[in-house]
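*Asks:*
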Amino acid sequence: MDRLSLNAEERLLLGKKVSRLRKDGILPGHVFGKGLETEHVSVNTKDFLHTFTQVGETGLIDLKIGSEKIRPVLVREVSHNPITGKPMHVDFYQVNLSQKVKVSVPLVLVGDEPELVKNSEAIVLQTLNEVEVEALPTDLVEKIEVDITNLKNIDDSINIGQLKFDREKLSVGVEEDAIVVKLAPAVSAEMEELLEEQAAETAEAAAEATEEGTKEGEIQAEGKEASVEGEAKDQADTSEVKSEVTDEDTSEVKREG
């Protein structure tokens, strides 16, 4: 597939002022790369989404900033509004076509659903959803397919070494025996109910332990308060006794005088 192109403009508005751009359908962004100064840019939001839908984070884009020459870039990150889900900012990574880069490539399950899964006796458990690969920018792939057709029995699995991709162009960042997907026993309704009961009992026991700890703390606090009151009373009684003794001594001295 030919590389898609995207037009951009140098962005002068910075900070909180960029909200004006978003209201006008413009997406703020940055362009950065190895040994390059970060540049502030903006792109048409609709044009960007149309392009990004096709290339994802592993496809090259020819980015043209104003009248400058075209730059090969990857979409490194897109920030979204947590409430509306709309894109708020995009980071483009400018690549050197002669130097390898590292990106995360999704592992996509394909093929026929195993019979055990159809019969509700097993589930397909995917333990790796993506893998980091290193390759030249022009050799990057959108995805790596994982064919699950041959998974027949419980504990059957597929590892990285069994996946089909061009190992001369792509090197992966995990061991060849790393499990990608396996057939695991399906949880029966009875087992699911038992697990829920155990979880409820654990939660109840934790609540009781918390309550006991609270009561014990209250008792200790009451005991400490009573102890403080007792000490205060003892001190008061001692003071009274001392006062009485002093008064008696004073009276005796006066009589002797």
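In the numbering used here, the protein residues as written are 1030 to 1286.
Every residue gets a Cβ at the ideal spot worked out from N, C-alpha and C, and that includes glycine.
1) Can you name, in chain order, every residue of its own chain whose Cβ lies under 6 angstroms from the Cβ of residue 1138, other than the five neighbours on each side?
2) Would you mind sorting residue 1090 into buried or exposed? The rule is 16 or more other CB atoms within 10 Å of its CB.
3) Only counting runs of 4 or more residues, tell me where the alpha helix (DSSP H) segments fall wholly within the stretch 1092-1156, in order along the chain.
4) Using a Cβ-Cβ cutoff of less than 6 angstroms, which residues in the same chain neighbour residue 1236 once the five nearest sequence positions on both sides are dropped?
5) Hey, out of 1036, 1038, 1126, whose CA is closest to residue 1063's CA?
6) Does the Cβ of residue 1190 have 16 or more other Cβ atoms within 10 Å, making it buried, or fewer, making it exposed?
7) Assign residue 1176 to one of three DSSP states: helix, strand, or coil.
8) Contact between the stretch 1149-1167 and the stretch 1106-1118 is defined here as three or more beta-carbon pairs at a separation below 8 angstroms; is this criterion met?
9) If you follow the beta strand (DSSP E) that residue 1203 is part of, which residue opens it and which one closes it?
10) Return the chain-ordered list of same chain residues with a C-beta closer than 8 angstroms to the C-beta of residue 1203, the five sequence neighbours on each side being excluded.
11) Which partner residues of residue 1213 appear in the DSSP bridge assignment?
12) Among all the DSSP beta bridges, which residues are the ones paired with residue 1164?
13) Which residue comes first and which comes last in the alpha helix (DSSP H) that contains residue 1061?
14) How is residue 1078 classed by DSSP in three states: helix, strand or coil?
15) Drop a sphere of 10 angstroms on the beta-carbon of residue 1183, count the other beta-carbons inside from all chains shown, and report buried for 16 or more, exposed for fewer.
16) Of all the options 1231, 1187, 1031, 1225, which has the alpha carbon lying nearest to the alpha carbon of residue 1140?
17) Check the DSSP bridge columns for residue 1158 and list the partner residues they point to.
18) With residue 1123 and residue 1061 assumed to form a contact (beta carbons below 8 angstroms), what rounded beta-carbon distance in angstroms separates them?
19) Measuring only the C-alpha atoms, how far is residue 1041 from residue 1136?
20) What is the rounded straight-line gap between the Cα of residue 1212 and the Cα of residue 1163?
21) Over what stretch of residues does the beta strand (DSSP E) that includes residue 1033 continue unbroken?
22) Considering Cα atoms alone, identify which of 1230, 1105, 1144, 1225 is closest to residue 1214.
23) Using three-state DSSP, classify residue 1170 as helix, strand or coil.
24) Rounded to whole angstroms, how far is the Cβ of residue 1095 from the Cβ of residue 1142, which I believe are closer than 8 angstroms?
25) Taking the CB atoms as reference points, tell me whether residue 1073 and residue 1055 lie closer together than 8 angstroms.
26) Where does residue 1189 fall in DSSP's three states?
*Replies:* Looking at the coordinates:
1) 1175, 1177
2) buried
3) 1144-1147
4) Once the five neighbours on either side are set aside, residue 1236 has no close Cβ partner at all.
5) When 1036, 1038, 1126 are compared, the shortest CA-CA separation from residue 1063 is found for 1126.
6) Exposed, because fewer than 16 other Cβ atoms sit within 10 Å of the Cβ of residue 1190.
7) strand
8) no
9) No beta strand (DSSP E) contains residue 1203, which DSSP labels as neither H nor E.
10) 1157, 1160, 1161, 1189
11) 1152
12) BP columns for residue 1164 point to 1130.
13) Premise fails: residue 1061 lies in the beta strand (DSSP E), 1055-1061, not in any alpha helix (DSSP H).
14) helix
15) exposed
16) 1187
17) Paired residue(s): none; residue 1158 is not in a bridge.
18) 7 angstroms
19) Between the alpha carbons of residue 1041 and residue 1136 lies a gap of roughly 39 angstroms.
20) 29 angstroms
21) 1033-1039
22) The option with the nearest alpha carbon to residue 1214 is 1144.
23) coil
24) The Cβ separation is near 51 angstroms, so there is no contact.
25) In this structure, residue 1055 lies closer than 8 angstroms to residue 1073 by Cβ.
26) helix
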